[in-house]
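Each residue of the sequence shown is one higher than the last, beginning at 2 in the working numbering.
For each residue, glycine too, the CB sits at the ideal point set by N, CA and C.
One structure is given here, and the rest of the page talks about it.
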Amino acid sequence: MTHDISGHCLCGAITYKAKAPTHDVSVCHCSMCRRWTGGPLMYIDVEGAPTFTGHDDIGVYRSSPTGERGFCKRCGSILFWKVAGEERYTFTAGSLDAPTGLTLAKEIFIEDKPTFYDFANPTQKLYGADAMAVYTGTGDEPK
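So, in structure tokens, the structure goes:
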């Protein structure tokens, strides 16, 4: 069962609405996400295409053959990562309007995590190749 989420950038030029399949927050430790955010990227998966307002202010950077990163061209807020060429999005947990009832559940690219931080609660930990296989549809979610 999905639940509705919404969010926006820092300046409010872009808003979004989407359906999330869970209340789970995931963390990406890959070097690109860490460089992009200044730390680990915390995100929530969504199902289907989100709806946006402020389309003209959305910037998209193709950071790899697999992924595109979306941000606000006005304020620079980081909003989403998506599978390149597909309507498969993740949204940053920090951009959510109501980040309540969420659970930190999964860490990906665990092999890239720096040693200077750890999360206190137990999480599912995936290597990058396994995580990307799930996001690109070439693999199943590891148990």
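Checking the DSSP bridge columns, you'll see Ser27 partnered with Tyr44 and Lys107. By the criterion of a C-beta distance shorter than 8 angstroms, Leu80 is surrounded in its chain by Gly8, Cys10, Ile15, Tyr17, Ile59, Gly71, Phe72, Cys73, Phe92, Thr93 and Ser96, once the five residues flanking it on both sides are discounted. Looking at the DSSP output, Trp37 bridges to nothing.
A Cβ-Cβ distance of about 24 angstroms is found for the pair Ala99 and Gln125, leaving them out of contact under the 8 angstroms criterion. The alpha-carbon of Ser27 is positioned some 6 angstroms away from that of Met43. By the neighbour-count definition (other C-beta atoms within 10 Å, threshold 16), His30 is a buried residue. By the neighbour-count definition (other C-beta atoms within 10 Å, threshold 16), Phe120 is an exposed residue. Assignment of Tyr136 by DSSP, reduced to helix, strand and coil, places it in the helix class.
Looking at His4, Thr137, Arg75 and Thr139, the one whose alpha-carbon comes closest to that of Asp57 is Arg75. Here DSSP, grouped into helix, strand and coil, assigns Gly86 to coil.
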